[in-house]
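Accompanying notes for the structure given below.
So this is what it looks like as structure tokens:
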């Protein structure tokens, strides 16, 4: 079946980008936020570095399932381990812009304070291993794709509950895209 531009636009509203970032505390007595999930359309926000955001958006939505959460590390893997990023855009600047939008309330997001191991698994590529030392035994424990899938499934459950009534709002002033109303 051939995909059309409108198929990709529909999918854009239901595909999500997950990325880790420098931790911040949204307010006194709150939990650290170190990972964020935004709707793909947020990459088209006029306050996100362009055309980088639009290029990442196109890469993010192409060939994805509705509701799929794509970690930034998966995009890095798909871009030849990151070698292709210079041809796409400055992902560091784009993610910094996204965090700024989230913190200003200019888009909706799922903001997470993931434990170190879960965050490391999502930051590692889909076929990478994370090694940790078990404090009790002193043994090295290897975590891989199966454990990463469990963490991603947990994030998907949180997101599904959040978007059950209304999808994440990507913000206003999206470039070349009419996002869902807030």
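In the working numbering, the protein residues as written are -3 to 178.
Note that the Cβ used here is the ideal one computed from N, Cα and C, for glycine as well.
Boundaries of the beta strand (DSSP E) harbouring residue 67: 65 to 67, taken from the DSSP string. The criterion of a C-beta distance shorter than 8 Å is satisfied by residue 44 and residue 93. Pairwise C-beta distances place the segment 141 to 150 in contact with the segment 109 to 127, as three or more of them are shorter than 8 Å.
For residue 17, the enclosing beta strand (DSSP E) begins and ends at 12 to 20. Contact between the segment 99 to 117 and the segment 24 to 40 is present: three or more C-beta pairs spanning the two stretches fall below 8 Å. Put simply, the segment 8 to 22 touches the segment 59 to 67. At least three CB pairs are less than 8 Å apart. Secondary structure note for residue 137: it is in no alpha helix (DSSP H), and the uninterrupted beta strand (DSSP E) holding it is 136 to 139. The residue from 39, 144, 167 and 74 with its alpha-carbon nearest to that of residue 104 is 167. For residue 108, no alpha helix (DSSP H) encloses it; the enclosing beta strand (DSSP E) starts and ends at 106 to 108.
Short of 7 Å from the beta carbon of residue 87, and not among the five residues preceding or following it, lie these beta carbons of its own chain, in chain order: 52, 68 and 81. Looking from the CA of residue 170, the closest CA among 109, 18, 73 and 46 belongs to 46. In the same chain as residue 159, and ignoring 5 residues on each side of it, no C-beta atom comes closer than 7 Å to its own. Residue 154 counts as exposed, since fewer than 16 other beta carbons sit within 10 angstroms of its beta carbon. C-alpha of residue 100 to C-alpha of residue 90: approximately 15 Å in a straight line. Listed in chain order, the alpha helix (DSSP H) elements of length 4 or more contained wholly in the segment 24 to 84 are 48 to 57, 68 to 74 and 81 to 84.
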